[in-house]
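Quick notes on the structure that follows.
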Amino acid sequence: MSRAAALADHAVAALCAELALYPKPGLVSPVDSGSHRDMDAPLLRASAESLRDAFRELAQAGAAGAEFTRDLVPIGLRAEAHMLAVTGGVNTHRGAIFALGLLVAAVAAQPEEPPAPAAVRAHLRARWGEELTTHATRGPRAGAGARREAAAAFPAIFERALPHLRSTRAAGVAPEPAAIDTLFLLITTLPEDTNLLHRGGSEGGAFARREAGRFLAAGGVRAANWHPRAEEIHRAFVARNLSPGGAADLLAGTLFLDAVTSLGASFSRD
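End of the sequence shown sits at 622 in my numbering; the numbers just go up one at a time, nothing left out.
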């Protein structure tokens, strides 16, 4: 299997791994649809699968020295159109196409196997940083949290989520609970998750960050009662129609980066 195809598989697997987690505040899982009346787990799986070819193209473009606006954006727009065709117009993974797509391209550009996370982040800054900064200030979604995160080379992932995920697992926590704990951390980390702001305004965003912070302060998934407590928070988010979709996208990016920068990662360049 080519390196581009392998990276695409890892990207789709990361989206499916995020989907499989439960309980997650307000988000779709195999258990329920959270705060989303127009989505369920089968739809999100189909959406993730629809992006495999686009992620492969993004990896190939990244390895070939792609420019952001000239090369990556058109691939992302085609991926979004294909996703919407598959989902009947439901926006399931627009944010993930942007964030995860950039990470796929940046990883593909690295000559080392596996690449170091710091090298991936350095590439994001050096190769696309200026264009991403401009992108964050233009268009209908100017100022959106995801665009600002990308322009800063994803500090929420590289500085907080990835180290937290790995340290939590190293402390003996199983992979799935460790990922859920990392999601709660991301909810506290993103002051302007546009999904939360769209659904609940600044008050909803503050509520989400407060509840996630309390969960972590009480021990997170290391606490004996973490699962019912996380379910309680999930129900509270649903009651308020809140969904931290931006945090979920970044969790998928974190899971992808964790997988492809691990010592066990190995890719053919054929």
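Note that the Cβ used here is the ideal one computed from N, Cα and C, for glycine as well. In this text, all values refer to a predicted model and were calculated from it rather than measured experimentally.
Residue environment, Gly417, which counts as buried when at least 16 other CB atoms sit within 10 Å = exposed
Under a three-way DSSP split, which group does Ser399 fall into?
-> helix
Which of helix, strand or coil DSSP assigns to Gly519 = Per the sequence shown, residue 519 should be read as Ser rather than Gly. Three-state DSSP puts Ser519 in a helix.
Any idea what DSSP makes of Ser628, helix, strand or coil?
-> Because the chain is modelled from 353 through 622, residue 628 falls outside the range shown and cannot be assessed.
Does the segment 422–429 touch the segment 372–387, meaning 3 or more C-beta pairs lie closer than 8 Å?
-> no
Cβ atoms of Gly557 and Leu568: under 9 Å apart, would you say?
-> no
If you pair each beta-carbon of the segment 434–448 with each one of the segment 389–398, do three or more pairs fall below 8 Å?
-> yes
Of all the options Ser354, Leu359 and Met353, which has the alpha carbon lying nearest to the alpha carbon of Ser614?
-> Leu359
Go through its chain and collect everything with a Cβ distance to Leu325's Cβ below 7 Å, but skip five positions before and after it.
-> In the structure as shown, the chain begins at 353 and stops at 622. Residue 325 is therefore absent and cannot be evaluated.
Extent of the continuous alpha helix (DSSP H) run through Ala461 | First-last for Ala461: undefined, no H or E at that position.
Can you tell me the Cα-Cα spacing of Ala564 and Val364, whole angstroms?
-> 26 Å
In its own chain, which residues sit with a C-beta less than 8 Å from the C-beta of Gln412, not counting the 5 before and 5 after it?
-> Ala356 and Ala460
Check whether the Cβ atoms of Phe589 and Pro580 lie closer than 9 Å to each other.
-> no
From Gly481 to Ala576, what distance separates their C-alpha atoms?
-> 43 Å
Taking only runs of the alpha helix (DSSP H) that begin and end inside the segment 408–444, which ones reach a length of at least 4 residues, in chain order?
-> 425–439
Could you tell me if Glu370 is buried or exposed, where buried requires 16 or more neighbouring beta carbons within 10 angstroms of its beta carbon?
-> buried
Straight-line CA distance for Thr520 to Ile539?
-> 17 Å
Let me know the alpha helix (DSSP H) ranges lying completely inside the segment 510–554, each 4 residues or longer, listed in chain order.
-> 514–522 and 527–541
Under 9 Å between the Cβ atoms of Arg561 and Val525?
-> no
Around the C-beta of Arg473, are 16 or more other C-beta atoms found within 10 angstroms, so that it is buried, or is it exposed?
-> buried
Can you tell me whether Glu419 is buried or exposed, with buried defined as 16 or more other CB within 10 angstroms of its CB?
-> exposed
Buried or exposed for Ala523, please, with buried defined as at least 16 other CB atoms from any protein chain shown within 10 angstroms of its CB.
-> exposed
Which residue from Asp361, Ala372 and Leu484 puts its Cα closest to that of Pro527?
-> Ala372
Would you mind reading off the limits of the alpha helix (DSSP H) that contains Val364?
-> Arg355 to Ala372
What's the gap between the Cα of Ala570 and the Cα of Pro543?
-> 21 Å
Closer than 9 Å to chain D by CB, Asn443 | Among the chains of the structure shown, chain D does not appear; only one protein chain is present.
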